[in-house]
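Some notes on the structure that comes next.
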Amino acid sequence: MQQDYQPRNIEAAAQQHWDNTQAFRAAEQSDKPKYYCLSMFPYPSGKLHMGHVRNYTIGDVLSRYHRMKGFNVMQPMGWDAFGLPAENAALANNVPPAAWTYSNIDYMKKQLKSLGLGVDWSREVTTCTPAYYRWEQWLFTRLFKKGIIYKKTSSVNWDPEDQTVLANEQVIDGRGWRSGALVEKRDIPMYFFRITQYAEELLADLDQLDGWPEQVKTMQRNWIGKSYGCDVHFPYDKASIGSEGVLKVYTTRPDTLMGVTYVAVAAEHPLATQAAAQKPELAAFIAECKRGGTAEADIATMEKKGMDTGLFVTHPLNGEKLPVWVANYVLMGYGEGAVMAVPAHDERDFEFAQKYELPIKQSIAVKEQSFSNAAWQDWYADKEHGICVNSGKYDGLDFQAAFDAISSDLQSKSLGQKRTQFRLRDWGISRQRYWGCPIPIIHCTQCGDVPVPEDQLPVVLPEQVTITGTGSPLAKMPEFFECACPKCGSKARRETDTMDTFVESSWYYARYTSPDCTTSMVDERAKQWLPVDQYIGGIEHAILHLLYARFFHKLMRDEGLVQGDEPFKNLLTQGMVIAPTFYREQEGSKKLWINPAEVDVKTDERGRPVGATLLADGQPVIIGGTEKMSKSKNNGVDPQAIIDEFGADTARLFMMFAAPPEQSLEWSDSGVEGSFRFLKRVWKATHDHVEQGVVPAYQRGELSAAAKALRLQLHQTIQKVDDDLGRRKTFNTAIAANMELLNALGKFDEQTPYARTVAQEVLEAIALMLNPIVPHLSHALWAGLRPADDLLAQPFPKVDASALVQDEIEIVLQVNGKLRGSLTVAKTADKATLEQLALAHEAVQKHLAGAVPKKIIVVPGRLINIVA
RNA sequence: GCCGGGGUGAUGGAAUUGGUAGACGUGCCGGACUCAAAAUCCGGUGCCAGAAAUGGCGUGGGGGUUCAAUUCCCCCCCCCGGCACCA
Numbered sequence: 001m002q003q004d005y006q007p008r009n010i011e012a013a014a015q016q017h018w019d020n021t022q023a024f025r026a027a028e029q030s031d032k033p034k035y036y037c038l039s040m041f042p043y044p045s046g047k048l049h050m051g052h053v054r055n056y057t058i059g060d061v062l063s064r065y066h067r068m069k070g071f072n073v074m075q076p077m078g079w080d081a082f083g084l085p086a087e088n089a090a091l092a093n094n095v096p097p098a099a100w101t102y103s104n105i106d107y108m109k110k111q112l113k114s115l116g117l118g119v120d121w122s123r124e125v126t127t128c129t130p131a132y133y134r135w136e137q138w139l140f141t142r143l144f145k146k147g148i149i150y151k152k153t154s155s156v157n158w159d160p161e162d163q164t165v166l167a168n169e170q171v172i173d174g175r176g177w178r179s180g181a182l183v184e185k186r187d188i189p190m191y192f193f194r195i196t197q198y199a200e201e202l203l204a205d206l207d208q209l210d211g212w213p214e215q216v217k218t219m220q221r222n223w224i225g226k227s228y229g230c231d232v233h234f235p236y237d238k239a240s241i242g243s244e245g246v247l248k249v250y251t252t253r254p255d256t257l258m259g260v261t262y263v264a265v266a267a268e269h270p271l272a273t274q275a276a277a278q279k280p281e282l283a284a285f286i287a288e289c290k291r292g293g294t295a296e297a298d299i300a301t302m303e304k305k306g307m308d309t310g311l312f313v314t315h316p317l318n319g320e321k322l323p324v325w326v327a328n329y330v331l332m333g334y335g336e337g338a339v340m341a342v343p344a345h346d347e348r349d350f351e352f353a354q355k356y357e358l359p360i361k362q363s364i365a366v367k368e369q370s371f372s373n374a375a376w377q378d379w380y381a382d383k384e385h386g387i388c389v390n391s392g393k394y395d396g397l398d399f400q401a402a403f404d405a406i407s408s409d410l411q412s413k414s415l416g417q418k419r420t421q422f423r424l425r426d427w428g429i430s431r432q433r434y435w436g437c438p439i440p441i442i443h444c445t446q447c448g449d450v451p452v453p454e455d456q457l458p459v460v461l462p463e464q465v466t467i468t469g470t471g472s473p474l475a476k477m478p479e480f481f482e483c484a485c486p487k488c489g490s491k492a493r494r495e496t497d498t499m500d501t502f503v504e505s506s507w508y509y510a511r512y513t514s515p516d517c518t519t520s521m522v523d524e525r526a527k528q529w530l531p532v533d534q535y536i537g538g539i540e541h542a543i544l545h546l547l548y549a550r551f552f553h554k555l556m557r558d559e560g561l562v563q564g565d566e567p568f569k570n571l572l573t574q575g576m577v578i579a580p581t582f583y584r585e586q587e588g589s590k591k592l593w594i595n596p597a598e599v600d601v602k603t604d605e606r607g608r609p610v611g612a613t614l615l616a617d618g619q620p621v622i623i624g625g626t627e628k629m630s631k632s633k634n635n636g637v638d639p640q641a642i643i644d645e646f647g648a649d650t651a652r653l654f655m656m657f658a659a660p661p662e663q664s665l666e667w668s669d670s671g672v673e674g675s676f677r678f679l680k681r682v683w684k685a686t687h688d689h690v691e692q693g694v695v696p697a698y699q700r701g702e703l704s705a706a707a708k709a710l711r712l713q714l715h716q717t718i719q720k721v722d723d724d725l726g727r728r729k730t731f732n733t734a735i736a737a738n739m740e741l742l743n744a745l746g747k748f749d750e751q752t753p754y755a756r757t758v759a760q761e762v763l764e765a766i767a768l769m770l771n772p773i774v775p776h777l778s779h780a781l782w783a784g785l786r787p788a789d790d791l792l793a794q795p796f797p798k799v800d801a802s803a804l805v806q807d808e809i810e811i812v813l814q815v816n817g818k819l820r821g822s823l824t825v826a827k828t829a830d831k832a833t834l835e836q837l838a839l840a841h842e843a844v845q846k847h848l849a850g851a852v853p854k855k856i857i858v859v860p861g862r863l864i865n866i867v868a
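One point on numbering: in our numbering, the residue at position 320 of the first sequence is 320, and numbering is uninterrupted.
Written out as structure tokens, the structure is:
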């Protein structure tokens with residue numbers, strides 16, 4: 001072994017060895033159980049960021065650990081290559097999105113390889129290639145014929161100046177990001193996946209997912225949002241509306257129906273349109289409602305506004321006339337575009353009624369609570385304890401009884417019925433963008449929307465285009481959209497919208513099993529590898545991506561392509577990588593963000609930061625918060641710089657040590673140096689041992705007390721690390737346990753032949769236990785400790801139960817719950833002996849001060865608490 | 001606004017099933033080595049009082065359950081993720 005730890009050499013050598021032996025090629029033929037380990041594939045944005053390093057290191061640790069535990073591991077990698085940033089880059093730098101994307105992939109692939117991931121690169125998948133997306137188009141045409149995909153109109157953010165649709169993130173304070181024009185909502189035709197048809201199953205199957213975090217399942221349940229409620233029809237008041245008809249609403253609180261004092265409709269609702277024709281001020285208000293974006297967060301937080309239409313509907317049960325209002329918080333796209341308002345028992349309606357002086361009518365009472373129109377109280381919305389009041393024949397009924405009575409009365413009048421509903425909406429996938437998968441539809445004036453026949457797939461996205469930022473690029477390319485109708489042969493127009501990029505990422509996990517299949521979306525190998533045993537990715541994907549992928553799995557299952565109901569058996573959601581921010585105030589209250597690498601932080605005598613200066617000019621900078629690494633806050637640390645300076649193993653070790661995977665991870669330069677120091681110490685300890693000659697690892701024989709204690713700690717550590725890597729997935733504590741073990745070895749200085757076999761045993765175990773985390777280092781350590789063996793063939797170390805046997809244990813003594821001392825006792829000591837010893841203990845006597853113990857609690861093997 | 005998560009020394013975090021709060025790392029203080037510095041190694045380090053022994057306090061704030069609460073329950077404050085066209 002080299003005397004010094006030289007990561008550059010050993011990492012290159014280890015990677016070369018893995019390449020030469022095709023070590024991570026996943027084979028279908030194997031007598032071992034399979035383990036499919038998948039990290040969310042990256043968007044090729046340019047270069048690797050710390051979030052990627054964290055994600056892929058976690059995946060690699062689990063992959064290598066499972067390999068050592070005897071699994072046939074498959075860990076693939078690919079590229080989520082379609083998306084908006086490529087078009088933005090094209091606008092900024094005048095490079096075609098395809099060229100930009102492919103060159104980013106080249107660079108990032110080199111970076112990923114330098115991390116030493118045990119990836120089977122032969123399975124690489126790139127979503128922007130026709131080889132990949134043709135199968136997405138193929139599935140689309142199948143689903144279209146089945147009716148799972150349909151067309152309807154939907155609202156988008158419209159930039160009237162650039163004449164283009166904007167993504168939510170491109171709308172900043174209600175204006176287009178490039179033009180600065182006020183954004184408005186516009187209804188356009190789009191294709192939808194009928195995900196609501198699978199809502200019930202998507203909800204129910206969450207119960208199968210024992211390996212998913214409870215929080216993610218809860219978020220998905222709430223997102224799907226199954227509710228039990230009632231359709232209610234309010235007959236039109238013929239005098240004001242002038243025609244027959246009903247206004248339909250859905251409510252989860254039919255028990256409050258007798259408290260309805262008005263109804264509210266969306267700006268686009270037919271009744272609103274009708275009323276606006278007579279009332280210019282209403283028309284103006286409707287126009288105002290159409291301003292602004294479509295994001296739900298904006299709609300939910302904006303000021304609630306409304307206007308009376310002057311129209312009326314009648315209450316379905318008591319025939320009362322109720323005014324129809326237009327309100328900006330009611331959206332046409334959701335449900336019927338109308339809601340019934342019960343100001344007394346809904347907080348939003350309450351505010352609205354107060355603002356516009358609409359009547360508030362109590363219809364629910366809770367015992368010992370008194371109702372007042374003046375201020376909202378939380379009990380007004382209480383379903384559990386309320387009973388009906390001011391509700392005629394329903395007075396005195398509780399929630400469920402009123403629900404049943406009112407809905408059955410509505411049904412007998414044909415003015416409504418019970419219905420369960422989902423909050424989940426169908427998935428609109430049309431995008432008026434260039435860099436995405438073309439939607440395989442041809443529009444024919446005779447035949448309508450015709451799916452592209454299988455033998456004409458794929459519809460290839462042209463790669464030579466000019467992106468202008470206005471309009472849709474494909475819609476300006478006749479060579480793309482001019483075509484013949486596959487049915488009647490007459491001149492037709494190809495669809496120029498592309499698909500939501502969430503579609504590609506909804507099935508890539510399946511494609512990895514059969515990446516080279518040219519005859520189908522996936523082949524029989526999918527049945528062998530799926531489901532994914534471990535999926536790893538950011539918590540920000542908890543709802544959309546994971547729900548869409550689950551949905552796609554069911555769609556593919558129903559097409560006979562895959563088996564099983566769920567794609568991902570176990571899920572690990574990793575936290576963000578965060579770093580301190582620094583800035584200077586500039587004119588116009590703009591902040592100039594300064595990279596942490598360019599800043600010197602001053603601390604007081606206890607290490608607390610007291611100020612910071614810019615290295616370049618020595619002048620102060622302001623210390624900001626610790627936030628997610630991002631370009632906008634300029635607080636990113638380039639992983640490449642860390643790999644170049646310390647090596648990939650240090651980067652990997654720090655990432656795994658600084659926090660458990662699910663928490664956010666704070667970047668720390670000195671923490672990185674600490675990780676590097678630890679690797680140097682492991683290297684030195686192994687080197688110094690090997691220099692004196694390698695020996696066989698300890699097997700059996702008499703040992704000194706110190707050697708016995710070291711072996712006890714060793715095997716306790718193996719037990720803990722095995723559990724930490726396997727069950728708990730807390731890599732930070734696994735590393736800490738190895739650090740403690742190395743510290744203990746450092747204090748063990750016996751040089752007898754037997755002692756050296758114990759040292760060999762410890763060093764071999766450390767090399768193996770650290771292997772999943774710092775595989776290059778372990779590869780080199782192993783070459784020194786066991787020159788004849790390849791580390792890749794080694795199993796995870798096994799616990800020697802005989803080393804764990806302890807004769808004496810420590811018991812903690814408490815008096816009234818406070819720690820007062822401890823006892824070392826024989827492990828076999830019984831309860832009576834323990835109580836006796838505890839009462840006799842000096843510190844216990846002192847704190848009892850003669851008082852008679854009322855109770856003695858003995859927790860075997862842990863503590864004794866004497867209550868006086 | 002709605003849904004989900006989090007808050008522990010100077011600092012990142014540990015405490016796995018209600019049972020010794022602060023493992024391990026960083027920083028800081030002291031020492032060894034050195035002409036000196038860096039690197040390395042050794043020791044100390046929750047806060048308050050005390051020379052010490054020791055005692056009290058302490059897991060965002062307030063209350064509760066329990067022999068015992070970072071852990072369970074209720075209320076409040078702050079921070080973060082998602083909200084359907086960022087990925």
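Every residue gets a Cβ at the ideal spot worked out from N, C-alpha and C, and that includes glycine.
In the DSSP assignment, E808 falls outside any alpha helix (DSSP H) and within the unbroken beta strand (DSSP E) covering 808-815.
Ranked by Cα distance from I441, the first of P462, R493, M332, E479 is R493. A distance below 7 Å between beta-carbons, with the five flanking residues on each side excluded, links N865 to the following residues of its chain, in chain order: Q814, G817, I857. For M219, there is no enclosing beta strand (DSSP E); the residue is found in the alpha helix (DSSP H) stretching over 214-224.
For I241, the enclosing alpha helix (DSSP H) has its first and last residue at 238-241.
For I241, the closest of Q719, V156, M50, L322 by C-alpha to C-alpha distance is L322. In this structure, F568 lies away from S506, with their beta-carbon atoms at least 8 Å apart.
Within the model, the alpha-carbon separation for L839 versus L741 is close to 36 Å.
One thing to note: A706 has its Cβ within 8 Å of the Cβ of E750.
An exposed status is given to M302, since fewer than 16 other beta-carbon atoms sit within 10 Å of its beta-carbon.
Sixteen is the threshold: since fewer than 16 other Cβ atoms of the shown chains lie within 10 Å of the Cβ of V867, the residue is exposed. Of the other Cβ atoms in all chains shown, fewer than 16 fall within 10 Å of the Cβ of N318; this residue is therefore exposed. The continuous beta strand (DSSP E) containing G537 extends over residues 534-538.
Apart from the 5 residues on each side of it in sequence, R178 sits with its Cβ closer than 7 Å to the Cβ of D162, G469 in its chain, given in chain order. Residues of the same chain with a CB within less than 6 Å of the CB of D723, apart from the 5 flanking positions on each side, do not exist. Three or more pairs of CB atoms, one per stretch, sit closer than 8 Å, so the stretch 326-336 contacts the stretch 291-309. With contacts defined as CB atoms closer than 8 Å, A803 and L785 fail to qualify as a contacting pair. By the Cβ test, the stretch 30-42 is not in contact with the stretch 129-144, since fewer than three Cβ pairs between them sit closer than 8 Å.
Of the other Cβ atoms in all chains shown, 16 or more fall within 10 Å of the Cβ of S114; this residue is therefore buried.
Distances from the CA of Q699 to each of W427, G821, A755 were compared; the closest alpha carbon is that of A755.
In the structure shown, the three-state DSSP call for V562 is coil. Residue environment analysis places R64 among the buried positions, since at least 16 neighbouring C-beta atoms fall within 10 angstroms of its C-beta.
In the three-state DSSP reduction, K855 falls in the strand class (E or B). Within the same chain, Cβ atoms closer than 7 Å to the Cβ of S514 are found at V522, D523, R525, A526, the five residues on either side in sequence being excluded.
The stretch 151-166 makes contact with the stretch 183-198, as at least three CB pairs between them are under 8 Å. Approximately 15 Å separates the beta-carbon atoms of L745 and V721; this is outside 8 Å, ruling out the contact. Taking the Cβ atoms as the reference, V183 lies roughly 5 Å from G293, within the contact range of under 8 Å. Membership of I58 in the alpha helix (DSSP H) is indicated by the continuous run 50-68. Look at S675 here: in three-state DSSP terms it is helix. E11 and F676 have their C-alpha atoms some 14 Å from each other. For a cut-off of 8 Å, the C-beta gap from V450 to C444 is around 6 Å, short enough to register as a contact. In this structure I172 is exposed. Its beta-carbon is surrounded by fewer than 16 other beta-carbon atoms within 10 angstroms. Residue pairing by DSSP puts H233 in a beta bridge opposite K248.
For M656, the enclosing alpha helix (DSSP H) starts and ends at 648-657. C-alpha of C485 to C-alpha of A542: approximately 41 Å in a straight line.
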